[in-house]
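Trainee: Chains as they are written, first to last, in this note's numbering: chain A, 1306 to 1436; chain B, 1306 to 1436; chain C, 1306 to 1436; chain D, 1306 to 1436. We put the CB at the ideal spot given by N, CA and C, even for glycine. I am attaching a structure below and will ask some questions about it afterwards.
Number of protein chains: 4
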Amino acid sequence: MPTKTYHQPVQVYYEDTDHSGVVYHANYLKYFERAREGVIGPAALVALWKEMGLGFAVYKADIQFLDGAEFGDTLDIVSTVRKDSDYRLVWHQEAWRPGAGKAAVKAEIHLVCVDREKNLKAIPDVGIDFD
Amino acid sequence: MPTKTYHQPVQVYYEDTDHSGVVYHANYLKYFERAREGVIGPAALVALWKEMGLGFAVYKADIQFLDGAEFGDTLDIVSTVRKDSDYRLVWHQEAWRPGAGKAAVKAEIHLVCVDREKNLKAIPDVGIDFD
Amino acid sequence: MPTKTYHQPVQVYYEDTDHSGVVYHANYLKYFERAREGVIGPAALVALWKEMGLGFAVYKADIQFLDGAEFGDTLDIVSTVRKDSDYRLVWHQEAWRPGAGKAAVKAEIHLVCVDREKNLKAIPDVGIDFD
Amino acid sequence: MPTKTYHQPVQVYYEDTDHSGVVYHANYLKYFERAREGVIGPAALVALWKEMGLGFAVYKADIQFLDGAEFGDTLDIVSTVRKDSDYRLVWHQEAWRPGAGKAAVKAEIHLVCVDREKNLKAIPDVGIDFD
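Structure, rendered in structure tokens:
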């Protein structure tokens, strides 16, 4: 069965760039998280936190920075996700500049689920059909 | 003639909050700038910078923080702008939480236009009908 | 009685600048807060939060941006504070570039104290001799 | 010959945390960059940029997040660096919480050197004795 691919646009603002003229590298982690929150849905994440005291945490992130996005770019954040075990979601995420032939930034990001005391918990059902 | 009012939605992400549970105060300045960039248009701002070497700079910001937005809120950023002189734009901007009876944050923000050497320049035509 | 003046150095890093080459305006609010946390002391703030459920919140900020700090600058954040009422601290804070004849950024920042439900509380004793 | 190990303290401020109560994951990339800038020296980096038009860019970052730092922590950022080729610096960097028995966050970060047009350049001499 093919994996579902999610797309989310992200506008590059002044705040995102640094004095070298391109997006500051750490900000791609923010873009990737915004896209993950878009896939799961903010309402589901709020309910998880407020009602069950659970949140997702990044456990591992491997990122390659191949090109630098610039102010004014509307990036396409492309995401897929699979459930690697009862305790781990593995996301592949890429940031594409407009009209580009390859991704500007590529990442594999592992999420775990923790309670308020930072204890590991099984990944809850958040309405995603995982592979 | 009535002033034109612009609306821009802003999603509150994890990155925006701090450990007290609400949006970190400095981030509203980012939201307000995203909204201003939305009004003027990123393409116009890029052209201004690349072709004419001009950019807008915040000269003055007076902000009141009346309520704290939370993770998951979709804020409505409400903006109006007037040209105060050949050299200054004055924006009134507010951040509204969903269903709120009053603005969570209100600001008056003065913009000037500067060249790459930070010299003050007259506000260029950016396609906005100012009052 | 003269007001006590506090100094805190802040190094301007890549992350602080934007593509125009100077510090992104919202980041001065971060610098000013770091300086306020330095005056009160992180340990006192942690104790206030964990033991009494109290935190400071910015209620009002009036800022003037007169010059743009650059990557590599070590700024001197100069702060004074007075207790305006039982419920409000008023800080005057400035960011000075190295060797400058005047402040690059000046702010008046009003702090209130709130509990975890955002109810206003009297300013607690945090070991500062207010004027 | 043993590798030189660099230590840089980083204070965790309100701005660094998110609503889950710990440091937002992307911010460790900022801490690591501050530490790298501390090793090389801001003045050397400014000269490189202004006089030679050269800057360092992160090409690859592999990060593990093992524990969450909290507001008030003074982290010890521990860094080593080796020159992997004429074109690449490889940094090992860790963030240690006060009194911890193991690193909270560990990263391997690859830097390249680029000119203003983003062309790859040989790593310049920045006064570090690489292994």
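#1: Taking buried to mean at least 16 other C-beta atoms within 10 Å of its own C-beta, is L1394 (chain C) buried or exposed?
#2: So if I threshold CB-CB distances at 7 angstroms, which residues from the stretch 1336–1369 of chain B count as touching chain A?
#3: Write down the C-beta distance between A1400 (chain C) and L1380 (chain C) rounded to the nearest angstrom, noting that I regard them as a contact closer than 8 angstroms.
#4: Less than 8 angstroms between the C-beta atoms of D1367 (chain B) and E1413 (chain B), yes or no?
#5: For chain D, check one thing: does any of its Cβ atoms lie closer than 8 angstroms to the Cβ of F1376 (chain C)?
#6: Give me the chain E residues within the contact set of E1320 (chain D), using Cβ-Cβ distance strictly less than 8 angstroms, ordered along the chain.
#7: Using a Cβ-Cβ cut-off of 8 angstroms, state whether G1373 (chain D) counts as contacting chain B.
#8: Out of C:F1337, C:G1360 and C:Q1369, which has the shortest C-alpha to C-alpha gap to Y1364 (chain B)?
#9: With DSSP as the reference, identify every bridge partner of L1416 (chain B), one or two as the case may be.
#10: Distance check for F1376 (chain A) and Q1316 (chain A), CA to CA, integer angstroms please.
#11: Using the C-alpha atoms, what's the distance from R1421 (chain C) back to F1435 (chain C)?
#12: Using a Cβ-Cβ distance cut-off of 8 angstroms, determine whether K1423 (chain A) contacts chain D.
#13: For D1378 (chain D), I'd like the list of residues in its chain whose CB is within less than 7 angstroms of its CB, leaving aside the five on either flank, ordered along the chain.
#14: Tell me, to the nearest whole angstrom, how far the beta carbon of V1383 (chain D) is from that of Q1398 (chain D); I am working on the premise that it is less than 8 angstroms.
#15: Please list, in chain order, the residues of the stretch 1398–1421 of chain D that have any C-beta partner in chain A closer than 7 angstroms.
#16: Return the CA-CA distance between D1321 (chain C) and A1405 (chain A), expressed in angstroms with no decimal places.
#17: Starting from Y1336 (chain B), follow the alpha helix (DSSP H) in both directions and report where the run begins and ends.
#18: According to the neighbour-count rule (16 or more other Cβ atoms, all chains shown, within 10 Å of its Cβ), is G1360 (chain D) buried or exposed?
#19: Using three-state DSSP, classify A1374 (chain C) as helix, strand or coil.
#20: Say whether chain C places a C-beta atom closer than 8 angstroms to the C-beta of G1326 (chain A).
#21: Would you please verify whether the beta carbon of Q1316 (chain A) is less than 8 angstroms from any beta carbon of chain B?
#22: Taking Cβ to Cβ, would you say I1345 (chain A) is nearer than 8 angstroms to Y1392 (chain A)?
Mentor: Considering the structure as presented:
#1: In the third sequence, counting from the first residue as 1, residue 1394 (chain C) sits at position 89. Counting Cβ neighbours within 10 Å, L1394 (chain C) comes out buried, since at least 16 surround it.
#2: Flagged, chain order: E1338, R1339, E1342, P1347, A1348, L1350 and V1351.
#3: Walking along the third sequence from the start, residue 1400 (chain C) turns up at place 95. Walking along the third sequence from the start, residue 1380 (chain C) turns up at place 75. Distance from A1400 (chain C) to L1380 (chain C) at the Cβ level is roughly 5 angstroms; contact confirmed, criterion being Cβ atoms closer than 8 angstroms.
#4: The sequence position of residue 1367 (chain B) within the second sequence is 62, counting from 1. The sequence position of residue 1413 (chain B) within the second sequence is 108, counting from 1. The Cβ atoms of D1367 (chain B) and E1413 (chain B) sit closer than 8 angstroms to each other.
#5: Start at 1 with the first residue of the third sequence, and residue 1376 (chain C) comes out as number 71. It does; some Cβ of chain D falls within 8 angstroms.
#6: In the structure shown, chain E does not exist; the protein chains are A, B, C and D.
#7: Counted from its first residue, the fourth sequence places residue 1373 (chain D) at position 68. Not an interface residue.
#8: Numbered from its first residue, the second sequence carries residue 1364 (chain B) at position 59. The shortest Cα separation from Y1364 (chain B) among C:F1337, C:G1360 and C:Q1369 belongs to C:Q1369.
#9: Position 111 of the second sequence, counting from 1, holds the residue named residue 1416 (chain B). According to DSSP, L1416 (chain B) bridges with B:V1363 and B:L1394.
#10: Stepping through the first sequence from its first residue, residue 1316 (chain A) is reached at position 11. Stepping through the first sequence from its first residue, residue 1376 (chain A) is reached at position 71. So the alpha carbons of these two residues sit roughly 8 angstroms apart.
#11: Within the third sequence, the letter at position 130 stands for residue 1435 (chain C). Within the third sequence, the letter at position 116 stands for residue 1421 (chain C). About 25 angstroms.
#12: Start at 1 with the first residue of the first sequence, and residue 1423 (chain A) comes out as number 118. Closer than 8 angstroms: yes.
#13: Within the fourth sequence, residue 1378 (chain D) is the residue found at index 73, counting from 1. V1317, R1402 and P1403, listed in sequence order.
#14: Numbered from 1 along the fourth sequence, position 78 holds the residue referred to as residue 1383 (chain D). Numbered from 1 along the fourth sequence, position 93 holds the residue referred to as residue 1398 (chain D). Contact flag correct, Cβ pair sits at about 7 angstroms.
#15: Within the stretch 1398–1421 of chain D, contact with chain A at the beta-carbon level (separation under 7 angstroms) is assigned to no residue.
#16: One-based indexing of the third sequence puts residue 1321 (chain C) at position 16. One-based indexing of the first sequence puts residue 1405 (chain A) at position 100. Spanning the alpha carbons of D1321 (chain C) and A1405 (chain A) requires a straight line of approximately 28 angstroms.
#17: Walking along the second sequence from the start, residue 1336 (chain B) turns up at place 31. Y1336 (chain B) -> alpha helix (DSSP H) spans N1332 to I1345.
#18: Stepping through the fourth sequence from its first residue, residue 1360 (chain D) is reached at position 55. Under this definition G1360 (chain D) is a buried residue.
#19: Translated into the one-based positions of the third sequence, residue 1374 (chain C) becomes position 69. Coil.
#20: Position 21 of the first sequence holds residue 1326 (chain A). Chain C has a Cβ within less than 8 angstroms of the Cβ of G1326 (chain A).
#21: Residue mapping note: residue 1316 (chain A) aligns to position 11 of the first sequence, counting from 1. It does; some Cβ of chain B falls within 8 angstroms.
#22: Within the first sequence, residue 1345 (chain A) is the residue found at index 40, counting from 1. Within the first sequence, residue 1392 (chain A) is the residue found at index 87, counting from 1. It is not a contact, given that the beta carbons lie outside the stated cut-off.
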